[in-house]
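Working notes for the structure below.
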Amino acid sequence: MSAPTGERSVELDIGGMTCASCAARIEKKLNRIDGVTATVNYATEKARVSFPSSVSAEDLIEKVVETGYTAQLHTTETDAAEADSGSSPAQLLRQRLLISLALAVPVIALAMVPALQFRNWQWLSLTLATPVVFWGGAAFHRAAWANARHASATMDTLISLGTLAAYAWSVYALFFGEAGMPGMKHGFSLAVERGSSAANIYLEVAAGVIVFILAGRYFETRAKERAGSALRALLEMGAKDVAVLREGGEIRVPVEQLRIGEQFLVRPGEKVATDGVVVEGNSAIDMSMLTGESVPVEVGPGDQVVGATVNAGGVLTVRATRIGSDTQLAQMAKLVEQAQNGKAPVQRLADRVAGVFVPIVIAISVATLGFWLGAGVSIATAFGAAVAVLIIACPCALGLATPTALLVGTGRGAQLGILIKGPQVLESTRRIDTVVLDKTGTVTTGKMTLAQVIPADGGDAAELLAVAAAVEHGSEHPVARAIVAGAAERGLTPEPVRQFVAHGGKGVQGLVGARAVVVGRTELLDDWSITVPESLAAAKSEAEAAGRTAIVVAWDGAARGVLVIADAIKDSSAEAIADMRALGLHPVLLTGDNAAAARTVADRVGIDEVIAQVLPSDKLDVVKRLQDQGRVVAMVGDGVNDAAALAQADLGLAMGTGTDVAIEAGDITLVRGDLRTVATAIRLSRATLRTIKGNLFWAFGYNVAALPLAAAGLLNPMLAGGAMALSSVFVVSNSLRLRGFR
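Counting with the working numbering, you get residues 60 to 801 for the letters of the sequence shown.
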């Protein structure tokens, strides 16, 4: 009997990656195995691998280990262990950075300020710089060694070679040259001349570069950790325990012990434990935490309910139909994870340039050493020139190029209510041409408000609203709260209500003064044999066709009017859409509402393209479809059901007034919930990206311009130090211009 040929897939947690080229190398190695298709994501540090039955998961792990990295099967226990561990990678990096910074600052100050250079200061510099180079920079040296074993070079290679060369030459100059003599000074001279390299030390270069690069790695790691918490936030939304009906009684058990087919109770204010069908009871289910939609859904026997939603009304008895990983909440978590892992690996600009720059610098250094040895100069002079090439090429300003621009840009963004998660986000903003906008909570306020008061012929609008508000004052339903708030805004003071009764899913009734009042759906009025006049029925139908909620108010056996409740459009939405169009962006409105309601909102804010009646799980497919059409898509949303689409989009913008999961899944968070900040966020991101590119150009420019002088043996060490300091000052100054962004 032949073995099954079905394809399987696993997810691996990858360790030891330091840049995008590491991910590319692992992916390449895995894809060389027959029948294997692998995608390695540097940002999430995961590999998604499909493989035939002839290959085992152990074979995949072994191949990753052979490549020089670590791998293990990803499980929910792994996530839990990461969440429970006391120290995250970002915290460990921060600790390493702060200690290295404390040791490196005196080294740099002593080297650059002659007035601080006391007798034998160079030996203190050696003592302080040594732990920075070997402990602070240990990760770079390990990565460089792993790269060397696989005949490749990355930014880590240049950092390691440059810092070790600077350190090694400093030790040589101190112990075997003239730099260790008491009274040695580092003076300032800008002359281009060939001198005695054995009299100079470069400890400030070795220590400074390590600190700068550590800072960049720390900020990047912190951003990645924040992005990764989206899935944890999703899964934590569910109920923790449930009141199950067993053996004729009610017992409360952890939700994990609930089984399919069992019945459980959901009291007002409680979360629905899992997906199921209502067996008994009527209520309104608040879906806002899951969907972002503001209007609770009325449910009764036979209706489906979704786990993690909140019961806003009466007591429900629910039969569980799906549990664990089969629930809608779990499926959404899986969608977010798949969308995140499907993104292109983060390609840092510095790494891309370093792929070409590093091998060239190493080749020039080796060629310089060979040339001068062939020319008959001393070994010290030849080695000094070769080391000078590595030192001037060492990316001091390069280490500052991205972090400083990102820090200033994100700092300015925070002042404007815009939180940018990391450097990888900025590259996406440059190419965006389409902005998909979730309607509820994004274009609209997401809160129910009283839109219209329509009295019957000859009726009084103020009296109608005051009477309705008096009865609704006894209800906690969002529609009731909108009516009460609407009355208060108009200065109306409702009378007290007596004999208040709420009819789940239909409406309310009560006595207001001498009136017997009924407020609710036409079904409730039918129970009281109250007929709705044609004029009011037409007004109600017109409101509902526009996607609004319309309820009828009646007293003393006659319908007295209609109240229209709507999700109000934000005042800033129309201006925001105009700003997006000015940037050359094409806005698209996306909603689960009916087409008429969506079209009404779109027309009022100036959006031409509308995609309506979209299920929560289908929003991801809409974004994919637009991407398949060749569009580069930004998604703006605020609900959990937007999270997967936010992660799939080329740029995800989450409204800060929305759910935590949407915020975590987005690339940019708009704190104030003002849609106008979408255009501002894109402008700021593009300005920050331009600054980073400019910084990288000048950082490399200084190095490249000085390389010929270093190779010729004409680079005065102080000139090298001055050029490096100047390039760093330029990079920082260029980044600080972002503080003036408007």
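Every residue gets a Cβ at the ideal spot worked out from N, C-alpha and C, and that includes glycine.
Predicted model, so just to flag it, every value in this text is computed and none were measured.
Subject >> Residue range of the beta strand (DSSP E) that includes LYS299 >> reply: Taken as a continuous stretch (DSSP letters only), LYS299 belongs to no beta strand (DSSP E), as it is neither H nor E.
Subject >> Length of the line joining the Cα atoms of LEU449 and GLY94 >> reply: If you draw a straight line from the Cα of LEU449 to the Cα of GLY94, it comes to about 43 Å.
Subject >> Status (buried if at least 16 other CB within 10 Å, exposed otherwise) for LYS87 >> reply: That one is exposed.
Subject >> When ALA635, GLY335, GLY196, GLN131 are compared against GLU502, the one with the closest alpha-carbon >> reply: Note that residue 502 corresponds to Val in the displayed sequence, not to Glu. Shortest Cα-Cα distance from VAL502 to any of ALA635, GLY335, GLY196, GLN131 involves ALA635.
Original post:
Roughly how many whole angstroms lie between the Cα atoms of ALA205 and ALA82?
Top reply: For ALA205 and ALA82, the distance between alpha carbons rounds to 13 Å.
Subject >> Buried or exposed (CB count within 10 angstroms, at least 16 for buried), PHE247 >> reply: Here PHE247 scores only 47 on pLDDT, less than 50, and its place in the model should not be relied on; the value that follows carries that caveat. PHE247 is classed as exposed because its beta carbon has fewer than 16 other beta carbons within 10 Å across all chains shown.
Subject >> For PHE559, the three-state DSSP class (helix, strand or coil) >> reply: Reduced to three states, the DSSP call for PHE559 is strand.
Subject >> Helix, strand or coil at GLN322 according to DSSP, with G and I counted as helix >> reply: Secondary structure of GLN322 (DSSP, three-state): strand.
Original post:
From the DSSP output, which residues share a beta bridge with SER109?
Top reply: Under DSSP, the beta-bridge partners assigned to SER109 are SER68, THR96.
**OP:** Decide yes or no for the touch test of the region 601-621 against the region 629-648: beta carbon pairs closer than 8 Å, at least 3 of them.
**Re:** No: fewer than three Cβ pairs fall under 8 Å.
Subject >> Secondary structure of PRO646, DSSP reduced to three states >> reply: Of the three classes helix, strand and coil, the one that applies to PRO646 here is strand, per DSSP.
Original post:
At which residue ranges does the region 603-669 contain complete alpha helix (DSSP H) runs of 4 or more residues, listed in the order of the chain?
Top reply: Listed in chain order, the complete alpha helix (DSSP H) runs (minimum 4 residues) inside the region 603-669 are 632-641, 654-664.
Original post:
Residues bridged to MET171 by DSSP?
Top reply: DSSP, once it has assigned bridges, lists no residue as partnering MET171.
Original post:
Cβ of ALA515 within 7 Å of Cβ of SER534?
Top reply: Taking 7 Å as the Cβ cut-off, ALA515 and SER534 do not qualify as a contacting pair.
Original post:
Which residues does DSSP pair with LYS330 in a beta bridge?
Top reply: Its beta-bridge partners are VAL369.
Subject >> Residue of VAL301, ARG311, GLN558 minimising C-alpha distance to ASP334 >> reply: With distances taken between Cα atoms, ASP334 lies closest to VAL301.
Original post:
Start and end of the beta strand (DSSP E) containing ARG311?
Top reply: Segment 308-313, the beta strand (DSSP E) holding ARG311.
Subject >> Span separating the alpha-carbon of ARG798 from that of THR440 >> reply: Taking the straight line from one Cα to the other gives about 46 Å.
Original post:
Apart from the five residues just before and just after PHE323, which ones in its own chain have a Cβ nearer than 7 Å to its Cβ?
Top reply: These residues qualify, in order along the chain: VAL301, ALA302, VAL303, LEU304, LEU317, ALA332, VAL377, ALA379.
**OP:** Pick out whichever of ARG84, PRO553, TRP757, GLU104 has its Cα sitting closest to the Cα of LYS122.
**Re:** It is ARG84.
Original post:
Looking at C-alpha atoms only, which residue of THR77, THR750, TYR761, ALA596 is the closest neighbour of PHE800?
Top reply: With distances taken between CA atoms, PHE800 lies nearest to THR750 out of THR77, THR750, TYR761, ALA596.
Subject >> Unbroken alpha helix (DSSP H) run spanning ILE260, endpoints >> reply: Here ILE260 belongs to no alpha helix (DSSP H), and DSSP marks it neither H nor E.
**OP:** Throw me the rounded Cβ distance for the GLN181 and ALA238 pair, which I believe falls under 8 Å.
**Re:** With 8 Å as the limit, GLN181 and ALA238 qualify as a contact, their Cβ atoms being about 6 Å apart.
Original post:
So, are the CB atoms of VAL571 and VAL591 less than 7 Å apart?
Top reply: The answer is no: Cβ separation not under 7 Å.
Subject >> Span of the beta strand (DSSP E), counted from its first residue to its last, around THR750 >> reply: From DSSP, THR750 is part of no beta strand (DSSP E) but of the alpha helix (DSSP H) over 736-770.
Original post:
Since GLY566 contacts VAL577 with CB under 8 Å, what's their CB separation in whole angstroms?
Top reply: About 7 Å separates the beta carbons of GLY566 and VAL577, which is inside the 8 Å limit, making them a contact pair.
**OP:** Quick one: using the 10 Å Cβ neighbour count with 16 as the cut-off for buried, is THR493 buried or exposed?
**Re:** With 16 or more other Cβ atoms within 10 Å, it is buried.
**OP:** Please state if the CB of SER786 and the CB of ALA758 are separated by a distance shorter than 7 Å.
**Re:** Yes. Within cutoff.
**OP:** Note the first and the last residue of the continuous alpha helix (DSSP H) segment covering GLU357.
**Re:** No alpha helix (DSSP H) contains GLU357, which is instead part of the beta strand (DSSP E) from 356-358.
Subject >> Residue(s) in a DSSP beta bridge with ILE344 >> reply: According to DSSP, ILE344 bridges with VAL356, ASN370.
Subject >> Nearest-angstrom Cβ-Cβ length linking GLN387 and GLY373, presumed shorter than 8 Å >> reply: Not really, about 23 Å apart at Cβ, beyond 8 Å.
**OP:** Please look up how many angstroms separate the CB atoms of VAL695 and LEU712, rounded, as I've assumed it's under 8 Å.
**Re:** Between LEU712 and VAL695 the Cβ distance is about 5 Å, and since that is below 8 Å, they are a contact.
Original post:
What are the start and end residues of the alpha helix (DSSP H) that includes VAL543?
Top reply: For VAL543, the enclosing alpha helix (DSSP H) has its first and last residue at 537-548.
**OP:** State the start and end residues of the unbroken alpha helix (DSSP H) segment that holds VAL123.
**Re:** Start and end: 116-125.
Original post:
Can the beta-carbon of VAL191 be found closer than 7 Å to that of ALA163?
Top reply: Against a cut-off of 7 Å, the Cβ pair of ALA163 and VAL191 comes out as a contact.
**OP:** Report yes if the C-beta distance between ILE542 and GLU531 is below 7 Å; otherwise report no.
**Re:** Yes, Cβ-Cβ distance for ILE542 and GLU531 is below 7 Å.
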